[in-house]
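> Please see the structure below; I have some questions.
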Amino acid sequence: MKEGYKEITLLQQREIEARVLAPLIRAFCREFGEERALGVVRRAIQDVAREAGRAAAAAHGGGLESLKKNCIAKFNEGGALTVTPRRDDGECCAFDVTRCKFAELYRELGCADLGAALSCERDAAFLEGFDEGLEFERSETLMEGGARCDFCYRKRSAG
32 MKEGYKEITL
42 LQQREIEARV
52 LAPLIRAFCR
62 EFGEERALGV
72 VRRAIQDVAR
82 EAGRAAAAAH
92 GGGLESLKKN
102 CIAKFNEGGA
112 LTVTPRRDDG
122 ECCAFDVTRC
132 KFAELYRELG
142 CADLGAALSC
152 ERDAAFLEGF
162 DEGLEFERSE
172 TLMEGGARCD
182 FCYRKRSAG
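Take any residue in the sequence shown, count from 1 to its spot, add 31: that is its number in my numbering.
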């Protein structure tokens, strides 16, 4: 971190981003059409997430244990997520998020419709940057109206 900067939680970072990006995204949607504008936003946010994954791997090393210790823990700073573990071993880390303060934040800010693009869709791209030997799977999110977010990070099978 740069000298003089204060460490903030990921949730606080997403709030700052959303307060700036949501009005810009809405303006771009009006100007260029929703499909086109949101496509550009998604690609740009995913590129940022991939780079963040590379930076995290450079700082902490890749692998499942590093992901759990250094990244997943950061996602949950300040109790941002209510998590129910499903599996946690040397091959897989799977858990359900049953409460997500990120989703609550986007609703409070009036941009719930942008929450997936601004937050959830980062997850797979982050992992691509972090460690290509790991894979990510999720079939539903609270942000998009699901009953839970069913995260599964696992080592890729050789083959």
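Ideal Cβ positions, reconstructed from N, Cα and C, are used throughout, including at glycine.
Under 8 Å by Cβ, that's how I've got LEU158 and TYR184 pegged, so tell me the actual separation to the nearest angstrom.
Rounded, the Cβ-Cβ distance is 7 Å, consistent with contact.
> Determine the DSSP secondary structure at CYS124, reduced to helix, strand or coil.
It is a strand residue.
> With 16 as the cutoff for other CB atoms within 10 Å, does GLN77 come out buried or exposed?
The residue is buried, with at least 16 neighbouring Cβ atoms inside 10 Å.
> By the DSSP assignment, the beta strand (DSSP E) with GLU159 in it spans what residues?
Where GLU159 is concerned, there is no enclosing beta strand (DSSP E), although the alpha helix (DSSP H) it sits in stretches over 153-161.
> Could you give the DSSP three-state label for ARG179: helix, strand or coil?
Three-state result, ARG179: coil.
> Smallest Cα separation from GLU122: which of GLY92, ALA178, LEU165, LEU52?
Nearest C-alpha to GLU122: LEU165.
> Look at the alpha carbon of ALA88 and the alpha carbon of ASP154, and state the distance between them as a whole number of angstroms.
Taking the straight line from one Cα to the other gives about 15 Å.
> For the alpha helix (DSSP H) containing LEU145, list its first residue and its last residue.
Unbroken alpha helix (DSSP H) run through LEU145: 143-146.
> Skipping 5 residues on each side, what residues in its chain have a beta carbon closer than 8 Å to that of CYS60?
These residues qualify, in order along the chain: ALA68, LEU69.
> Are CYS142 and LEU173 close, meaning C-beta to C-beta below 8 Å?
Contact flag unset, no.
> If you compare alpha carbons, which of ALA75, GLY110, GLY146, LYS186 is closest to ARG163?
The question names Arg, but residue 163 in the sequence shown is Glu. The option with the nearest alpha carbon to GLU163 is LYS186.
> Restricting to Cα atoms, I'd like to know which of GLU34, ALA178, THR40 is closest to VAL114.
Closest option to VAL114, Cα to Cα, is ALA178.
> Of all the options ASN101, GLU82, ALA134, which has the alpha carbon lying nearest to the alpha carbon of ARG45?
It is ALA134 whose Cα lies nearest to the Cα of ARG45.
> When DSSP labels each residue in this structure, what does LYS33 get in the three-state scheme?
Coil at LYS33, not helix or strand.
> Start and end of the beta strand (DSSP E) containing LEU55?
Segment 41-63 is the alpha helix (DSSP H) holding LEU55; no beta strand (DSSP E) there.
> Within this structure, are the beta carbons of LYS100 and CYS124 separated by less than 8 Å?
No, Cβ-Cβ distance for LYS100 and CYS124 is not below 8 Å.
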